[in-house]
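Visitor: Take this structure, written in structure tokens, and hold onto it; I'll ask about it next.
There are 2 protein chains.
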Amino acid sequence: MRFPSGLSAFPITPADDTGRIDTAALRRLVGRLVAADVDSIGLLGSTGIYMYLTRDERRRAIDAALAESSGRVPVIAGIGALRTDEAVALARDAKDIGAAAGLLSAASYTPLTDDEVFEHFSAVAYGSGLPIVIYDNPGTTHFKFTSELVGRLAGVPGIVAIKNPGVGADETAKHLAGQRGTVPKGFSIGCSADWTAAETMIAGADTWYSVLGGLLPGVCLKIVRAAQQGDAAEAHRLDGMLEPLWELFRQYSSLRVVYALADLLGICRTEPPRPILPLAAPAKRQVADTLARLPVDILA
Amino acid sequence: MRFPSGLSAFPITPADDTGRIDTAALRRLVGRLVAADVDSIGLLGSTGIYMYLTRDERRRAIDAALAESSGRVPVIAGIGALRTDEAVALARDAKDIGAAAGLLSAASYTPLTDDEVFEHFSAVAYGSGLPIVIYDNPGTTHFKFTSELVGRLAGVPGIVAIKNPGVGADETAKHLAGQRGTVPKGFSIGCSADWTAAETMIAGADTWYSVLGGLLPGVCLKIVRAAQQGDAAEAHRLDGMLEPLWELFRQYSSLRVVYALADLLGICRTEPPRPILPLAAPAKRQVADTLARLPVDILA
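Quick note, the sequences are listed as chains A and B, same order.
First residue of the first sequence? That's 1 in our numbering, and the numbers climb one at a time after it.
First residue of the second sequence? That's 1001 in our numbering, and the numbers climb one at a time after it.
See below:
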């Protein structure tokens, strides 16, 4: 079995306006995911505002999540940073505390070359001993991984998986087959961009790294299980019911929408770190209206 | 007189591989700029690796630069950060230490909306009292300032100037005239991307924010003075002599090339922060060959 696989659920990270994490609120979010029996928890992803948190706060987040999950669900922790030495330190922290893997992006300010990203990832893998998930997120990092670079990285000991950005429904099976051809057999290939994930899981991806899964793990798990059992019709049916939410994710970004959803569902009231603003009132009403029209069992 | 104006020279920030600044080396770099009588020093710009330095190290850099310049040349300090509260703190530090202005980018991880950038800049201007230069650098931040947003920001008390990205030679006069129409009369409009700067200064920009000026202030000052005196032919002649360097800047990025130049000229031997790698040997030889063919008086 490749790791990660199945549903990797990405919760938000509740924090105050100075970037101090509310660990009690985070434990409640993690507790819901453990209770739902997700396959892994993706802590400190982009939705988990990892780039806006200090090393100390990231340690506190991993501590709290591991205390809550107490071995029942593996925790994958975001370890991305602009500096290589900082990413190595974050990866060592995550390993010391007990994270199962680290999610490493090509976060950058000065645009990076392929060789620079290769060295960065290798240094973190070798320097920490933590299994590394390549976090390919051009929407935030603006770095584009070529298939050649993914192939090189997948050959580095300790780099075990990739979280791909969204690939259009028509292209996803072809992209997946192409990527399988460039990585070792045990390497896990996963997808993100929730609105493209059902199709990619049906096409045989190992893992859905899911923003909505961090808040509504039930329905996301059902989609994953249907895809894993080859029941494309059921996966499509459930995914179709979520389309109004996907439309909001595309329009306002999944991060901003999921903060509003957490509040509207009474799960967690918190705001993203400034300069990121909460959704303005009209957009939030639109989220509330969408929520009110969703079938009740989706929210269970 | 608008501020900044003329040549704002941007030195590199020598630091070790843990991000600790070599303040003695930085003072030598700043001392050369003061001796050349540049109009301002642009400390901790992108070439000055501001995004890769802690708040403490940025404070040390400003301290060292001000100690060296001792009031003879105003220092503009990079105060960009992903978090608004951090940018406010950096701006207050810069003001407390004695910087003349702060250079504020729309540094981002989660892509920002116009309203978010407006609130971010306003919070830093109001929260610090430091005069703010808008740092528009889509090549690193991937945020695109619209002319409408620049106009709104230029109306915020304390936001005094903009450092524009490179505009092609054919477009620069038109762009400049358009921007003048959206900002108050006292607002300073400047340019960067060294290979486009002579043309933009000839077209009447106030300031050249210059990477090469941080290392070779003499020739850059001559271009600025020629442009200011309406001697387009002389500005073009000098700029043309630098074209082989501009070609390297475009090919390898000005940051990587200027680190190699500093070493080859015997001015400062340091490396950029990982993951950014120094130029590989063949590229560095190309820089050395280019340098060897430049007229000697350019290097004075």
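Using N, Cα and C, we set each Cβ at its ideal position, and we do this for glycine too.
Since we're looking at a predicted model, the values are computed, not measured.
Measure the beta-carbon distance from P74/A to S46/A and round it to whole angstroms, keeping in mind my assumption that it falls under 8 Å.
Guide: Contact doesn't hold; Cβ gap of about 19 Å is too wide.
Visitor: Between which two residues does the alpha helix (DSSP H) carrying T196/A extend?
Guide: Note, T196/A: alpha helix (DSSP H), 194–202.
Visitor: Please report how far the alpha carbon of A123/A lies from the alpha carbon of G80/A, in whole angstroms.
Guide: Roughly 13 Å separates the two Cα atoms.
Visitor: Quick one: which residues of the stretch 122–136 of chain A get their C-beta closer than 9 Å to a C-beta of chain B? List them in chain order.
Guide: The stretch 122–136 of chain A vs chain B, Cβ under 9 Å: A123.
Visitor: Do S1188/B and S1069/B count as a contact pair if the criterion is CB distance below 8 Å?
Guide: No.
Visitor: Report the residues of the stretch 1261–1286 of chain B with a CB closer than 7 Å to any CB of chain A, ordered along the chain.
Guide: Residues P1273, R1274, P1275, I1276, L1277.
Visitor: D1022/B CB to nearest chain A CB: under 8 Å?
Guide: By this cut-off, D1022/B is not an interface position.
Visitor: Report yes if the CB atom of A1065/B is closer than 8 Å to the CB atom of L1026/B, and no otherwise.
Guide: For A1065/B and L1026/B, yes; Cβs fall inside 8 Å.
Visitor: For Y1052/B, return the contacting residues in chain A, with the cut-off set at a CB-CB distance below 8 Å.
Guide: Neighbours of Y1052/B on chain A, chain order: L82, R83, Y109.
Visitor: Identify the residues that DSSP records as bridge partners of K163/A: which are they?
Guide: Note: K163/A sits in a beta bridge opposite Y135/A, G190/A.
Visitor: Could you check the C-alpha separation between L1216/B and Q1229/B for me, to the nearest Å?
Guide: In a straight line, the C-alpha of L1216/B is about 21 Å away from that of Q1229/B.
Visitor: If we ignore side chains and look at the alpha-carbon of each, how far apart do E234/A and F1121/B end up?
Guide: Straight-line Cα distance between these residues: approximately 48 Å.
Visitor: At a Cβ threshold of 8 Å, is G1046/B touching chain A?
Guide: Checking the displayed sequence, the identity of residue 1046/B turns out to be Ser instead of Gly. Interface residue, yes.
Visitor: How is L1248/B classed by DSSP in three states: helix, strand or coil?
Guide: Of the three classes helix, strand and coil, the one that applies to L1248/B here is helix, per DSSP.
Visitor: Could you compute how far the alpha carbon of L176/A sits from the alpha carbon of Y1126/B?
Guide: Distance between the alpha carbons of L176/A and Y1126/B is about 50 Å.
Visitor: I'd like to know if the stretch 240–255 of chain A and the stretch 277–292 of chain A are in contact, where contact means that at least 3 CB-CB pairs between them fall below 8 Å.
Guide: With a cut-off of 8 Å, the stretch 277–292 of chain A and the stretch 240–255 of chain A count as touching, because enough Cβ pairs lie within range.
Visitor: Which of helix, strand or coil does DSSP assign to G1218/B?
Guide: Three-state result, G1218/B: helix.
Visitor: Strictly under 8 Å for the Cβ-Cβ distance: is F1018/B near chain A by that measure?
Guide: One detail in the question is off: residue 1018/B reads as Thr in this sequence, not Phe. Yes, T1018/B lies at the interface with chain A (some Cβ there is under 8 Å from its Cβ).
Visitor: Which runs of the beta strand (DSSP E) spanning at least 3 residues fall entirely within the stretch 1089–1156 of chain B, listed in chain order?
Guide: Segments of the beta strand (DSSP E) lying fully in the stretch 1089–1156 of chain B: 1101–1105, 1132–1135.
Visitor: Among the residues of its own chain, which have a CB less than 7 Å from the CB of F118/A, if the five just before and after it don't count?
Guide: Excluding positions up to five away in sequence, the list reads L149, R152, L153.
Visitor: Taking all protein chains shown into account, do 16 or more other C-beta atoms lie within 10 angstroms of the C-beta of R72/A, making it buried, or fewer, making it exposed?
Guide: Under this definition R72/A is an exposed residue.
Visitor: Run through the DSSP bridge pairs and tell me what T207/A is partnered with.
Guide: In DSSP, T207/A forms a bridge with G6/A, G190/A.
Visitor: Around the C-beta of E116/A, are 16 or more other C-beta atoms found within 10 angstroms, so that it is buried, or is it exposed?
Guide: Classification of E116/A: buried, given that the 10 Å Cβ count is 16 or more.
Visitor: Using the beta-carbon count (16 or more within 10 Å), is E1057/B buried or exposed?
Guide: Its Cβ being crowded by 16 or more others within 10 Å, E1057/B is buried.
Visitor: If you pair each beta-carbon of the stretch 1012–1029 of chain B with each one of the stretch 1103–1113 of chain B, do three or more pairs fall below 8 Å?
Guide: No, the stretch 1012–1029 of chain B does not touch the stretch 1103–1113 of chain B.
Visitor: Pull up the DSSP beta-bridge partners for G78/A, would you.
Guide: Paired residue(s): L103/A.
Visitor: Nearest chain B C-beta to D194/A closer than 8 Å, yes or no?
Guide: No, no contact with chain B.
Visitor: Skipping 5 residues on each side, what residues in its chain have a beta carbon closer than 7 Å to that of F1010/B?
Guide: Same-chain partners within the cutoff: G1042, G1045, T1047, G1048, Y1209, S1210, V1211, G1213, G1214.
Visitor: Run through the stretch 1023–1059 of chain B for me and flag every whole beta strand (DSSP E) of 3 or more residues, listed as ranges in chain order.
Guide: Here the runs fully enclosed are 1040–1043.
Visitor: Since D1115/B meets chain A, which of its residues come closer than 9 Å, beta carbon to beta carbon?
Guide: Within 9 Å Cβ-Cβ: L277, A280.
Visitor: Once DSSP output is grouped into helix, strand and coil, what is the label at I1267/B?
Guide: Note: I1267/B maps to coil in three-state DSSP.
Visitor: Does any CB atom of chain A fall closer than 8 Å to the CB of E1119/B?
Guide: Chain A, which has a Cβ nearer than 8 Å to the Cβ of E1119/B, makes this yes.
Visitor: Whose C-alpha, out of P1282/B, I1021/B, A1203/B, R1274/B, is nearest the C-alpha of L1227/B?
Guide: As written in the sequence, residue 1227/B is Ala, which differs from the Leu given in the question. Considering only alpha carbons, the answer is A1203/B.
Visitor: Cβ closer than 8 Å: which chain B residues qualify as neighbours of T200/A?
Guide: What T200/A touches in chain B: nothing, since even the nearest Cβ is about 23 Å away.
Visitor: Roughly how many angstroms separate the alpha carbons of Y50/A and L1242/B, rounded to a whole number?
Guide: Taking the straight line from one Cα to the other gives about 42 Å.
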